[in-house]
Amino acid sequence: MTLQPAISLPWRVRALTATDVPGVQQVQAVCYGDEFIESREVFARRLSVAYQCSIGLVRDGDVGLHAYAVAYWSALEKVTPLNGDFTEPEHTEQLLYLHDVSVLPLLSGQGVARYLIETLLAQASARGIAQAALVSVQGSQGYWQRLGFQPYALNDPRQQANLATYGPDAIYMLRTAPRQTC
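Numbering-wise, our numbering puts 155 at position 78 of the sequence shown, and it's gapless, one number per residue.
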């Protein structure tokens, strides 16, 4: 992938592992308010589980992350609380849960977040998973709606409590991919 016009060097998307935690935290520190910075230990556990599918953007020849999408396979209406561990799907993977997507300001407005999200949605589609969910924070609902996500009401009080850990403006959102026809 080559990003234009501000960045002309080659870029690569790769899977994230627990060794990427410092890079994730560096990007997080630039992109989020203090209330959304999650601990190193939590991220290390999240990126160590088999059912996570997180990806990051790196510049060829550079080890530092410039953007990432932390995600895992989950179930409908399951919300990971802020600073909580990812929970393994109880029965079968039902959807892709996008926990966190961040892009350094240097790459802002170049479609990097959308590219990472579309990469994960393509992985989900290849697994036969047509739904994705997330928690919208910091006034990002309009952005997610442009990508096809819609607000979705949570019925389980425990999941509502998990959602509340992100603040009063947090919104659980769901996207269902259109069915392919021949």
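The beta carbon of each residue, even a glycine, is placed where N, CA and C say it ideally should be.
Checklist entry - Going by the CB atoms, is the gap between L251 and L240 shorter than 8 Å? => result Annotated as distal: L240 and L251, with beta-carbon spacing of 8 Å or more.
Checklist entry - Which residues in the same chain have their Cβ closer than 8 Å to the Cβ of L224, if we skip the five residues on either side of it in sequence? => result Counting only Cβ-Cβ distances below 8 Å, and skipping sequence neighbours, we find R191, I194 and R252.
Checklist entry - Between the region 128 to 139 and the region 88 to 102, do at least 3 Cβ pairs fall closer than 8 Å? => result As far as the Cβ criterion goes, the region 128 to 139 touches the region 88 to 102, which means the pair count is three or higher.
Checklist entry - Do you know how far the Cα of G100 is from the Cα of D139? => result Each residue's Cα considered, the two are about 12 Å apart.
Item to check | Y229 to I206 span [Cα, whole Å] | outcome: Rounded to whole angstroms, Y229 to I206 spans 18 Å at the Cα level.
Next on the checklist: Helix, strand or coil for T196? Go by DSSP, reduced to three states.
Outcome noted: Looking at T196 - three-state DSSP - the assignment turns out to be helix.
Item to check | Separation of L184 from T164, as counted between CA atoms | outcome: Roughly 31 Å separates the two Cα atoms.
Checklist entry - Does DSSP put A144 in a helix, a strand or coil? => result A144 falls in the strand class under three-state DSSP.
Item to check | Inside the region 89 to 162 only - alpha helix (DSSP H) runs reaching at least 4 residues | outcome: With a minimum length of 4 residues, the continuous alpha helix (DSSP H) runs that stay inside the region 89 to 162 are 98 to 108 and 117 to 123.
Next on the checklist: Please report the distance separating the alpha-carbon of Q236 from that of I248.
Outcome noted: CA-to-CA, the gap between Q236 and I248 works out to about 12 Å.
Item to check | Range covered by the beta strand (DSSP E) that runs through L211 | outcome: Looking at the DSSP string, the run of the beta strand (DSSP E) that includes L211 is Q208 to S213.
Next on the checklist: Rounding to the nearest angstrom, what Cα-Cα distance links H143 and Q187 in this structure?
Outcome noted: Computed Cα separation, rounded: 13 Å.
Checklist entry - Just the Cα atoms here: how many angstroms apart are S85 and A106? => result Confidence at S85 is low in this model, with a pLDDT of 42, below 50, so the placement of that residue should be treated as unreliable; the coordinate-derived value is given next. Taking the Cα positions, S85 is about 25 Å away from A106.
Next on the checklist: Nearest by alpha-carbon distance to A95: which of R204, A127 and F120 is it?
Outcome noted: Comparing Cα positions, the closest option is F120.
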